[in-house]
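Asks: Got a structure for you, questions after.
Numbering (this note's numbering), first residue to last: 28 to 434.
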């Protein structure tokens, strides 16, 4: 979330004469909760809902203005504002102007969108129109009240994060860190690394910490991996960071007492893409002295393995995927490493394209002698499927525990 501080907020207009729709200003005071971040999230959500009601799509967001009661406090809390912004706007980044207004009771938000309506009949990919393709890759649109999951993760994750044994840094930038959780009384437990989703541009390891609980109770150490987010970095760098996280974890096994010979990975959504790419990594080429079978098993949950359709969605305004990116960074185009057990899971309430992505990657791995189990989970959507990791009786969780314990 890059902001431009100003004394005078600009009008939400555009000089090129494009069609502009503008929300009314939304202010949510902090009198009842005293939580400025929650007030910001609420105001932003209401302003975005105004634009959506006028026919604006998320990629058409153009400008945002914001007045805050205390600019210095806003600067101090910018990381939390940034995560809230990414959560609500799902990685869409308008120009943002911020000023101070000491008379305001809370953040005052206004948004504008530059309308660029797609041809409603033109096919953009695999027979889908633009609106249809955007829907196929928008889990929020596919899910009733998706906000309930984010609300839960904001509370449950940070509360559980307090149990971590260590925060491990594996790079110089702020996002490159792992929260390590160790099971009670386990001797040289296996280590499982989990990579969060958010279309490579939202969410944080702290939102997912509670999802380590079932694995920990099964005697498995868990590392929750963070990485720098788009658009501040690109996907090639994010993948390099995740590879570096794996290597750092492998190197620190003796320090923390887990077994480097039983290292496994999983990821959800964009994290599923990254987990898929990790099992297609030539580890000795990445760093001398590493074993080719560094990762012994993996799980990809509601993953994205073919980037081409994403390059046709409105989100490519942020992704900026080129033909070279699609060829080099899509796991379905990568040479897998040594065959290992792999779980690929998808919720039955997810879109056809999410199913296709999972089946496509499963076929790719099987073509290279991997043992792949595809788990189709009734009753689960794109968000509930990852939340199910908190429940040891859920089929996905039980399958992951069995896979890891069999190593």
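Glycine included, every Cβ here is placed at the ideal spot set by N, Cα and C.
Quick check on the burial criterion: 16 or more other C-beta atoms within 10 angstroms. Buried or exposed for residue 278?
Replies: By one-based count along the chain shown, residue 278 stands at place 251. Exposed, since its Cβ has fewer than 16 Cβ neighbours within 10 Å.
Asks: Helix, strand or coil: which one does DSSP assign to residue 311?
Replies: Here the question's residue 311 lines up with position 284 in the chain shown. Reduced to three states, the DSSP call for residue 311 is helix.
Asks: Evaluate residue 239 with the Cβ neighbour count: other Cβ atoms within 10 Å of its Cβ, from every protein chain shown; 16 or more gives buried, anything less gives exposed.
Replies: The residue you call residue 239 lines up with position 212 of the chain shown. Buried.
Asks: Fully enclosed by the segment 316-379, which beta strand (DSSP E) runs are 3 residues long or longer?
Replies: 324-328 and 369-374
Asks: Going straight from the alpha carbon of residue 292 to that of residue 47, what length do you get?
Replies: For the purposes of this step, residue 292 is taken as the residue at position 265 of the chain shown. For the purposes of this step, residue 47 is taken as the residue at position 20 of the chain shown. The straight-line gap from Cα to Cα measures roughly 45 Å.
Asks: At the level of alpha carbons, what is the spacing between residue 178 and residue 390?
Replies: In the chain shown, counting from the first residue as 1, residue 178 sits at position 151. In the chain shown, counting from the first residue as 1, residue 390 sits at position 363. The straight-line gap from Cα to Cα measures roughly 36 Å.
Asks: Please go through the same chain and pick out, in chain order, the residues whose beta-carbon is closer than 7 Å to the beta-carbon of residue 424, but skip the five residues on each side of it.
Replies: Counted from its first residue, the chain shown places residue 424 at position 397. Within the same chain, 241, 415, 416 and 418 come within 7 Å of residue 424 by CB-CB distance, once the 5 residues on both sides are set aside.
Asks: Between the beta-carbon of residue 131 and the beta-carbon of residue 49, is there less than 8 Å?
Replies: To locate residue 131, count along the chain shown from 1; it is residue 104. To locate residue 49, count along the chain shown from 1; it is residue 22. For residue 131 and residue 49, no; Cβs fall outside 8 Å.
Asks: Quick check on the DSSP output: the alpha helix (DSSP H) that includes residue 276 runs from which residue to which?
Replies: If you number the chain shown from 1, residue 276 lands on position 249. Residues 262-278.
Asks: Give the DSSP bridge partners of residue 48, in chain order.
Replies: Position 21 of the chain shown holds residue 48. Answer is 140, bridged to residue 48.
Asks: Along the chain, which unbroken stretches of the alpha helix (DSSP H) at least 4 residues long are found entirely within the segment 75-121?
Replies: 98-103 and 105-116
Asks: Give every residue of the same chain whose Cβ lies closer than 7 Å to the Cβ of residue 422, excluding the five residues on either side of it in the sequence, and list them in chain order.
Replies: One-based indexing of the chain shown puts residue 422 at position 395. Result list for residue 422: 402 and 404, in chain order.
Asks: Give the DSSP-derived three-state secondary structure of residue 59 in the structure shown.
Replies: Within the chain shown, numbered from 1, the residue matching residue 59 stands at position 32. At residue 59 the pLDDT is 47, less than 50, meaning the model places this residue with poor confidence; the figure from the coordinates comes in the next sentence. In the structure shown, residue 59 sits in coil (DSSP, three-state: anything other than H, G, I, E or B).
Asks: Tell me the DSSP secondary structure of residue 395 in three-state form.
Replies: Stepping through the chain shown from its first residue, residue 395 is reached at position 368. Residue state, collapsed to three classes: coil.
Asks: Roughly how many angstroms separate the alpha carbons of residue 251 and residue 152, rounded to a whole number?
Replies: Residue mapping note: residue 251 aligns to position 224 of the chain shown, counting from 1. Residue mapping note: residue 152 aligns to position 125 of the chain shown, counting from 1. Going by the C-alpha atoms only, they are around 35 Å apart.
Asks: Helix, strand or coil, according to DSSP, for residue 67 in the structure here?
Replies: Residue mapping note: residue 67 aligns to position 40 of the chain shown, counting from 1. The answer is helix: DSSP assigns residue 67 an H, G or I state.
Asks: Would you mind sorting residue 189 into buried or exposed? The rule is 16 or more other CB atoms within 10 Å of its CB.
Replies: Your numbering for residue 189 matches position 162 in the chain shown. By the 10 Å Cβ count, residue 189 comes out exposed.
Asks: Have a look at residue 59 and residue 31 and give me their C-alpha separation to the nearest angstrom.
Replies: In the chain shown, counting from the first residue as 1, residue 59 sits at position 32. In the chain shown, counting from the first residue as 1, residue 31 sits at position 4. Unreliable positioning characterises residue 59 in this predicted model, as indicated by a pLDDT of 47, which lies under 50. The coordinate reading is nonetheless provided below. Taking C-alpha positions only, residue 59 is separated from residue 31 by approximately 29 Å.
Asks: Does the beta-carbon of residue 51 have 16 or more other beta-carbons within 10 angstroms, so that it is buried, or is it exposed?
Replies: The residue given as residue 51 occupies position 24 in the chain shown. With fewer than 16 Cβ atoms within 10 Å of its Cβ, residue 51 is classed as exposed.
Asks: Please determine, among 175, 91 and 114, the residue with the shortest C-alpha to C-alpha distance to residue 64.
Replies: Translated into positions along the chain shown, residue 64 becomes position 37. Looking at the Cα atoms, 114 is the closest of the given residues.
Asks: Using three-state DSSP, classify residue 288 as helix, strand or coil.
Replies: On the chain shown, position 261 is the one that residue 288 refers to. Three-state DSSP puts residue 288 in a strand.
Asks: Which residues does DSSP list as the beta-bridge partners of residue 124?
Replies: Locating residue 124 in the chain shown gives position 97, where the first residue counts as 1. Beta-bridge pairing links residue 124 to 31 and 92.
Asks: Does DSSP put residue 400 in a helix, in a strand, or in coil?
Replies: Position 373 of the chain shown, counted from the first residue, corresponds to residue 400. Assignment of residue 400 by DSSP, reduced to helix, strand and coil, places it in the strand class.
Asks: CA-CA distance, residue 139 and residue 73?
Replies: In the chain shown, counting from the first residue as 1, residue 139 sits at position 112. In the chain shown, counting from the first residue as 1, residue 73 sits at position 46. Approximately 13 Å between the Cα atoms of the pair.
Asks: What's the call for residue 395, buried or exposed, on a 16-neighbour Cβ count within 10 Å?
Replies: One-based indexing of the chain shown puts residue 395 at position 368. Counting Cβ neighbours within 10 Å, residue 395 comes out exposed, since fewer than 16 surround it.
Asks: With a 10 Å radius around its C-beta and 16 neighbouring C-beta atoms as the bar for buried, classify residue 42 as buried or exposed.
Replies: Looking up residue 42 in the chain shown gives position 15. With a pLDDT of 47 at residue 42, under the threshold of 50, the predicted position of this residue should be treated as unreliable, and no value is reported.
Asks: So, using beta-carbon positions, are residue 434 and residue 275 closer together than 8 Å?
Replies: As a first step, residue 434 must be located in the chain shown, where it is residue number 407. As a first step, residue 275 must be located in the chain shown, where it is residue number 248. Cβ distance not < 8 Å, so residue 434 and residue 275 don't count as in contact.
Asks: Quick check on the burial criterion: 16 or more other C-beta atoms within 10 angstroms. Buried or exposed for residue 432?
Replies: Residue 432 sits at position 405 when you count from the first residue of the chain shown. Its Cβ having fewer than 16 others within 10 Å, residue 432 is exposed.
Asks: How long is the line joining the alpha carbons of residue 371 and residue 385, rounded to whole angstroms?
Replies: Residue 371 sits at position 344 when you count from the first residue of the chain shown. Residue 385 sits at position 358 when you count from the first residue of the chain shown. Taking the straight line from one Cα to the other gives about 7 Å.
Asks: Contact check, residue 184 vs residue 236 under 8 Å by CB: the rounded distance?
Replies: As a working mapping, residue 184 is identified with position 157 in the chain shown. As a working mapping, residue 236 is identified with position 209 in the chain shown. Between residue 236 and residue 184 the Cβ distance is about 5 Å, and since that is below 8 Å, they are a contact.
Asks: How far does the alpha helix (DSSP H) with residue 426 in it reach, from first residue to last?
Replies: Taking the first residue of the chain shown as 1, we reach residue 426 at position 399. 422-432 is the span of the alpha helix (DSSP H), which, as asked, contains residue 426.
Asks: Using a Cβ distance threshold of 8 Å, determine whether the segment 72-86 contacts the segment 104-113, with at least three qualifying pairs required.
Replies: no
Asks: Note down, in chain order, each residue of its chain lying with its Cβ closer than 8 Å to the Cβ of residue 108, except the 5 sequence neighbours on either side.
Replies: Taking the first residue of the chain shown as position 1, residue 108 is located at position 81. Around residue 108: 28, 64, 67 and 101.
Asks: Give the range of the alpha helix (DSSP H) segment to which residue 167 is assigned.
Replies: What you label residue 167 is simply residue 140 of the chain shown in a count that begins at 1. It spans 166-169 - the alpha helix (DSSP H) in which residue 167 sits, taken as one unbroken run.
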